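For reference, each letter of the sequence shown is one residue, going 8 to 171 in my numbering.
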Amino acid sequence: MRQVWEKGRSDLRDILGSSEGFLGNWPVSTKIPVQWGDLDALNHVNHTVFLTWMETARMIYFEKCGMMDLMDSEKIGPILAGLKADYSSPVLFPDTVTVHATMSRMGNSSFDMNYRITSDSNGGKVVATGTVFGVMCDYTTGKSTPIPDDLRSRILGVEGTRSE
């Protein structure tokens, strides 16, 4: 595996043989109740709320792998470079969703995270999926910086767990 990291870019699904994350797991899952204020004029959850839910799962993931500590101690951390969201079914009130997150790719300084959002009221049906494209940034210089090897190791450790 060391050779792959030395290339500077790798798709972790290729390394560990899964299309859903390193091990086919969603190592971070968090339940979020739908709030009345999440609804739009059509009485379903507004599309922007799904992005906030993904952000919540991302921050939990970053906390779990120690990235938040790195942000404080070394002033480096992630910035959002892009995102993609696909909505497959409306979410209504009342409901509770579960947002699942996994790291699907790490390059030299960039990474992709995948998300799956399921609805408890619909028996765990997938209602949306998403991908975030991030870049590790040196907050002092405002420039991209390589993902530290120790953070890569901690992410691999997180990906070896399962929260479902």
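All residues carry an ideal CB built from backbone N, CA and C; glycine is no exception.
Computed from a predicted model, the values in this text were never measured in an experiment.
If you compare alpha carbons, which of the options is closest to residue i?
i    : options                : result
G130 : N50, S111, V98         : V98
D102 : Y94, D157, T125, L87   : T125
A108 : I83, Y146, F69         : F69
V106 : L87, R159, L163, A135  : A135
S128 : S80, G114, F100, T152  : F100
A92  : M113, G73, I83, T55    : T55
D79  : W43, I162, C144        : C144
D157 : Y94, M110, G89, L77    : L77
R123 : R112, G114, S95        : S95
T152 : K71, M113, G164        : M113
K82  : L163, K150, G167, E166 : K150
F57  : E166, I162, V165, V104 : V104
L163 : M110, Y146, K132       : M110
V41  : G73, V52, K71          : V52
Starting from residue i, trace the beta strand (DSSP E) both ways and give me its first and last residue.
i    : result
D156 : Per DSSP, D156 belongs to no beta strand (DSSP E); it is in the alpha helix (DSSP H), 156-166.
K91  : 83-94
D119 : 117-126
P40  : 35-40
V104 : 103-113
For residue i, count neighbouring Cβ atoms within 10 angstroms of its own Cβ and tell me buried if that reaches 16, exposed if not.
i    : result
T148 : exposed
T59  : exposed
I154 : buried
M61  : buried
D45  : buried
I86  : exposed
S160 : exposed
G84  : buried
N50  : exposed
W43  : exposed
For the alpha helix (DSSP H) that contains residue i, what are its first and last residues?
i    : result
V133 : From DSSP, V133 is part of no alpha helix (DSSP H) but of the beta strand (DSSP E) over 132-145.
F57  : 54-72
Per DSSP, residue i forms a beta bridge with which residues?
i    : result
A48  : In DSSP, A48 forms no bridge with anything.
G149 : Answer is none; G149 lacks a bridge partner.
Discussion item. Does the region 109-119 come into contact with the region 138-152, if we say contact requires no fewer than three beta-carbon pairs (one atom in each stretch) closer than 8 Å?
Written reply: They touch, by the three-pair rule.
Worksheet item: Hey, is the region 37-45 in contact with the region 60-74, meaning 3+ C-beta pairs nearer than 8 Å?
Response: Yes, since at least three Cβ pairs between the region 37-45 and the region 60-74 fall closer than 8 Å, the two stretches touch.
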